[in-house]
Amino acid sequence: MRIGNIEIENPVVLAPMAGVTSHPFRAICKEHGDVGLVVTELISSMAIHYKNQKTYGMFDWTESEQPSFCQLFGADPETMAEAARVVVDRGATGVDINMGCWVPKVAKTGAGAALLKDLCQAEAVVKAVVDAVPSVPVTVKVRSGYTQGQLTAVKFARAAANIGAKAIAVHARYASQGFSGVADWDVIAQVKETVGNDIPVIGNGDIETPADALRMLRETGCDGVMIGRAAMGNPWLLGQIRDAIAGEPIRCEPTVEDRVAVARQHASLQVNVQGEGVACRELRGLLGHYFKGVPGATRLRGTLAKESTLDGINRTLDEYLAWYQSHDHDAQLQEALGN
Ligand SMILES: Cc1cc2nc3c(=O)[nH]c(=O)nc-3n(C[C@H](O)[C@H](O)[C@H](O)COP(=O)(O)O)c2cc1C
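This is the structure we're talking about:
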C-alpha cells in the first residue's frame, strides 16, 4: 500500500484511539505487533492554535514508531492548515483529518463527523491541509455518514481523492450509531469501487481476528485494514493479522508470561511519558485488557484498577504471575470440563 510518498509494506494500521494510542501503546504495537502504520489520538487544531501546553505534550511520536501520522480535528480550514504545519514541523510523517468523531464536544463545533453533514466545508478543510503540508501525505478518516442511512462517505471519498488526500480510512458505521450495531463493510466496498486505484482505502470496523481481516480484504477490495478495540491489550493480534495477509504461518498466541511482561512495559513507558500520577490513572483503563480470558483475570483486573503507583502495579503483576505459575490451570480446566 502506498500512501503518497510513503511505501507501507504491511497494510495493518493501528486505529487512532483517544486515551489509548499515545506513544507508549504505539511503540508497543510496533514492537510486539508488527504494525505498518500508527496514528496518534485525535488532537485539537484549535488547542494547537492557542498553544495549549497539554496539547503540545501530545506530539510524542518518536523515530522508533515511524511512519506515525498525527490526527487533527477542527472545522476551520485555516486553523487546520496552521495545526498541520506545526505537527509536520515537529516530525509527523503524515496528517490524518478526523471526520469520524461524534462526541458532542467535537461534533457541536462542526468538526469530526459533523463535517460529513457539510461536504463543502469538509472539502475546504482537506484542501487547506493538503496545500499547507505538501511534503507529507494527508489522509482522512470518515464514518459512513452522519445520520444513519444517509451515506456520504462514497461521494466524499471521490472529492477527497480529487483534492489531494492520499488515503481514506472508513469506519463503516454512521456517526449517529456510535459503536452500536454491526459495521456495514459494504460501504467500504462502495468507497473502494468509487476511488479505484487512485488512493488506498483502509477498511475499519469490527475486525477481531486474522480471519475477519482476510474477509474484509476479500469482500471489499480495500487496500489496508485498521484495527482499534481488538488491539487494546493485544498488540500480538496486529502481527497475526500481518502474517495472515502475507500468507505466512500465523505467529503463536502470547503466553500469560508475555502478557505480564508487556503490561509491565506499557506501565513503565506510560509513567516515563506522563509521570506516575497521571499515568497510573490512565493505566487503570488500559492494563486490564492484557488479561482478557486468562485464569484469574477478574480479580487481577480489579486489583490493577486500584493501583496508583508503578511499584504497586509491578507488585500486583508479580503476585499474579506467582499465583498463575503455581497452579496447573490445564488440569483445572480439564477437571471443570469433566474430562
Ligand atoms: C477508546 C476509543 C477512542 C477512539 N478515539 C478515536 C480518535 O481519537 N480518532 C478517531 O478517528 N477514531 C477514534 N476511535 C474510533 C476508532 O479509531 C475505530 O474507528 C473504531 O473503534 C472502530 O474500529 P474497531 O471496531 O476496530 O474498534 C476511538 C475508538 C475507541 C474505542
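So that you can map any letter, position 80 of the sequence shown is 1129 in this note's numbering, and since no number is skipped, the others follow by simple counting.
Note that CB positions come from ideal geometry on N, CA and C, so glycine has one too.
Item	Value
Neighbourhood of A1141 by C-beta distance below 6 Å, restricted to the same chain and skipping five residues each side	C1119
Inter-residue Cα distance where the pair is A1173 and W1151	20 Å
For L1266, the nearest candidate out of T1243, D1235, A1280, Y1195 (CA to CA)	D1235
Beta strand (DSSP E) runs contained entirely in the region 1102-1153, provided each spans 3 or more residues	1117-1122, 1143-1148
Boundaries (first-last residue) of the beta strand (DSSP E) holding K1190	1187-1194
Beta-carbon proximity of R1313 to N1363, cut-off 8 Å	yes
N-terminal and C-terminal residue of the beta strand (DSSP E) that A1216 is part of	1216-1223
Identity of the residues DSSP links to S1093 by a beta bridge	F1122
Pair within 8 Å by beta-carbon distance, A1280 and L1063	yes
Nearest-angstrom Cα separation, counted from T1243 out to G1324	47 Å
L1286 beta carbon less than 8 Å from that of I1276	yes
Beta-carbon proximity of M1050 to G1273, cut-off 8 Å	yes
Near ligand 1: P1259 beta-carbon under 7 Å from a heavy atom	no
Bridge partner(s) assigned by DSSP for N1054	Answer by DSSP bridge pairing: none, since N1054 is not bridged.
Three-pair Cβ contact test at 8 Å for the region 1244-1260 versus the region 1210-1225	yes
Reference Y1373, options G1351, I1212, G1288, V1343, closest by Cα	V1343
Proximity test, Q1120 beta-carbon vs ligand 1 heavy atom, cut-off 7 Å	yes
Touch test, the region 1197-1207 against the region 1223-1232, Cβ-Cβ under 8 Å, three pairs minimum	yes
H1072 classed as buried or exposed, judged by whether at least 16 other C-beta atoms fall within 10 angstroms	buried
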